[in-house]
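Have a look at the structure below, then the notes.
Residue numbers (this note's numbering), protein chains in the order written: chain X, 9 to 263; chain L, 3 to 125.
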């Protein structure tokens with residue numbers, strides 16, 4: 009996956025992500041696609057979450073899935089989640105939960121949903137995502153509504169391993185970009201989507217930040233690859249939320 | 003260190019060619035649904051599950067087909083162990099997942115696995 013929160017010259021934020029999923033879960037020899045990625049593309053939906061008769065927030069989902077990987081609370085914050093791989097990963101959390109050792113820990117995508125349901129600002133969401141015990145490691149990428157409100161929260165099960173904030177300790181003061189590696193770690197050389205993503209963002213520049221600009225970055229190889237199922241584009245200040253189907257036919261890197 | 007991929011697969015920022023592939027009308031390819039948090043958890047997803055019943059089943063079946071040759075007992079394990087786990091999940095998620103299982107006719111354990119797949123996949 010690749011998530012980006014970027015700021016235009018007026019201080020407006022665009023938050024976007026490519027969802028890549030289905031690695032090693034079967035390969036379709038006829039279409040030359042990952043089997044599961046192919047099937048997931050048919051199941052993408054957008055959801056308006058309604059409470060007390062009013063729109064509470066928006067998200068997109070794979071049908072049948074009740075948690076949240078991407079969501080936006082209008083005029084408040086936007087959130088995406090990228091996989092974080094650790095030895096003490098999801099299995100460890102599940103076993104602890106089954107043994108009753110972590111009854112209060114949250115499942116990843118349900119914590120995201122709970123945050124969108126209950127938190128009303130970037131600061132509130134950040135605090136909740138950083139400090140709630142959970143059952144699996146993850147990167148929460150959070151965008152707000154005010155300039156410089158962009159953060160990558162690298163979560164372990166019981167704490168935040170690393171917080172990277174736009175304009176504070178990020179490599180660039182106008183965007184943050186997360187794939188599936190800690191910000192202080194080199195990506196695996198065969199899975200480096202950071203370098204192409206950052207190169208393309210520098211080509212875009214701050215002046216080019218918009219749905220169009222960021223979509224073009226996320227439609228560039230290898231941020232776009234055979235696992236990519238969709239790109240979601242979110243903007244909290246004008247409540248725009250667009251999901252666009254993606255694929256990478258032909259000669260395209262498998263992940 | 004960054005390693006260049008074989009040429010046909012290599013990085014390619016489409017902005018280098020001055021291209022634009024963003025077409026906002028493509029957002030309408032993805033349907034919108036309402037999920038009403040004021041409704042009973044069991045009923046919140048049934049309208050979506052009814053539409054996508056075959057796709058959900060097809061996806062889960064392809065995972066089963068992929069896993070069972072390697073772990074022949076996997077299906078029974080999923081149906082029993084994760085089926086039992088379904089009843090221990092916190093509310094309102096427990097009832098929402100049960101509602102999807104009822105609406106699709108897919109056993110509870112398989113819907114549970116689909117919904118906690120992130121935790122399983124992080125290995």
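No residue lacks a Cβ here, since even glycine has one placed at the ideal position from N, Cα and C.
Bear in mind that the values here come from a model prediction, so they are computed numbers and not experimental data.
(request) Please list, in chain order, all residues of the same chain as residue 163 (chain X) whose beta carbon is under 8 Å from its beta carbon, the five residues on each side excluded. (result) 92, 137, 138, 142, 145, 146, 147, 148, 169
(request) Output, in chain order, the set of chain X residues within a Cβ distance shorter than 8 Å of residue 89 (chain L). (result) Ordered by position in chain X, no residue passes the 8 Å Cβ test against residue 89 (chain L), which lies about 13 Å from the chain.
(request) Count the C-beta pairs between the segment 202-213 of chain X and the segment 232-243 of chain X that are closer than 8 Å, then say yes if the count reaches three, no if not. (result) no
(request) Grab me the residues of residue 105 (chain X)'s own chain with a C-beta within less than 7 Å of its C-beta, minus the 5 sequence neighbours each way, in chain order. (result) So the qualifying residues of the chain are 113, 143.
(request) Under 7 Å between beta-carbons, which chain X residues line up against residue 114 (chain L)? List them in chain order, please. (result) Ordered by position in chain X, no residue passes the 7 Å Cβ test against residue 114 (chain L), which lies about 11 Å from the chain.
(request) May I ask you to list, following chain order, the residues of the segment 200-215 of chain X that have a beta carbon less than 7 Å from some beta carbon of chain L? (result) 200, 203, 204, 207, 208, 211, 212
(request) Just mark residue 21 (chain X) as buried or exposed, buried being the case when its beta carbon has 16 or more other beta carbons within 10 Å. (result) With 16 or more Cβ atoms within 10 Å of its Cβ, residue 21 (chain X) is classed as buried.
(request) With 9 Å as the threshold, decide whether the Cβ of residue 82 (chain L) is near any Cβ in chain X. (result) no
(message) At the level of alpha carbons, what is the spacing between residue 257 (chain X) and residue 40 (chain X)?
(response) 8 Å
(message) Just verifying my parser: in three-state terms, what is the DSSP assignment at residue 142 (chain X)?
(response) strand
(request) Give the straight-line distance between the Cα atoms of residue 110 (chain X) and residue 245 (chain X), rounded to the nearest whole angstrom. (result) 37 Å
(request) Can you give me the start and stop residues for the beta strand (DSSP E) that residue 86 (chain X) sits inside? (result) 85-91
(request) For residue 17 (chain L), return the contacting residues in chain X, with the cut-off set at a CB-CB distance below 9 Å. (result) Here the neighbours are 208, 211, 212, 216, 221, 224, 225, 228.
(request) Return the CA-CA distance between residue 1 (chain X) and residue 153 (chain X), expressed in angstroms with no decimal places. (result) For residue 1 (chain X) there is no data in the structure shown, the boundaries of chain X being 9 and 263.
(request) Kindly indicate which three-state DSSP category residue 49 (chain X) falls into: helix, strand or coil? (result) helix
(request) Compare the beta carbon distance of residue 74 (chain X) and residue 47 (chain L) with 9 Å and say whether it is the shorter of the two. (result) The Cβ atoms of residue 74 (chain X) and residue 47 (chain L) lie closer than 9 Å to each other.
(request) Take residue 112 (chain L) as the anchor and find which of L:82, L:92, L:90 has the nearest alpha-carbon. (result) L:82
(message) Is there a C-beta anywhere in chain X that falls below 9 Å from the one on residue 48 (chain L)?
(response) No, residue 48 (chain L) lies away from the interface with chain X (no Cβ there is under 9 Å from its Cβ).
(message) What are the residues in the segment 145-175 of chain X lying within 9 Å of chain L by C-beta distance?
(response) 145, 146
(request) Give a single yes or no on whether residue 11 (chain L) has its beta carbon closer than 8 Å to a heavy atom of the ligand ADP. (result) You won't find the ligand ADP in this model; it holds no ligand whatsoever.
(message) Counting only beta-carbon separations shorter than 9 Å, does residue 51 (chain X) have a partner in chain L?
(response) yes
(message) Using beta carbons (cut-off 9 Å, strictly below), is residue 79 (chain L) in contact with chain X?
(response) no
(request) Determine the DSSP secondary structure at residue 130 (chain X), reduced to helix, strand or coil. (result) Looking at residue 130 (chain X) - three-state DSSP - the assignment turns out to be helix.
(request) Give, in chain order, every residue of the segment 96-124 of chain L whose Cβ lies closer than 8 Å to some Cβ of chain X. (result) 98, 99, 102, 106, 113, 116, 117, 118, 120, 121, 122, 123, 124
(request) Determine the direct distance from the alpha carbon of residue 101 (chain L) to that of residue 127 (chain L), and round the result to whole angstroms. (result) Any question about residue 127 (chain L) goes unanswered here, given that chain L covers just 3 to 125.
(request) Would you kindly check if the distance between the Cβ of residue 24 (chain X) and the Cβ of residue 196 (chain X) is under 9 Å? (result) Their beta carbons are not under 9 Å apart, which means residue 196 (chain X) does not touch residue 24 (chain X) by this criterion.
(message) Between residue 32 (chain L) and chain X, is the shortest Cβ-Cβ distance under 9 Å, so that the two count as touching?
(response) yes
(request) Kindly indicate which residue of X:53, X:87, X:199, X:58 has the alpha-carbon position closest to the one of residue 42 (chain L). (result) X:58
(message) Give me the chain X residues within the contact set of residue 51 (chain L), using Cβ-Cβ distance strictly less than 8 Å, ordered along the chain.
(response) 71, 72
(message) Is it buried or exposed, residue 73 (chain L), if we count other Cβ atoms within 10 angstroms and call 16 or more buried?
(response) Counting other Cβ atoms within 10 Å of its Cβ, residue 73 (chain L) stays below 16 and is therefore classed as exposed.
(request) Check whether the segment 9-18 of chain L touches the segment 39-54 of chain X, counting contact only when three or more Cβ pairs, one atom from each stretch, lie closer than 8 Å. (result) no
(request) Note down, in chain order, every chain X residue with its Cβ under 9 Å from the Cβ of residue 10 (chain L). (result) Those are 258, 259, 260, listed as they occur along chain X.
(message) Please report the straight-line C-alpha distance between residue 252 (chain X) and residue 28 (chain L), rounded to a whole angstrom.
(response) Going from the Cα of residue 252 (chain X) to the Cα of residue 28 (chain L) covers about 6 Å.
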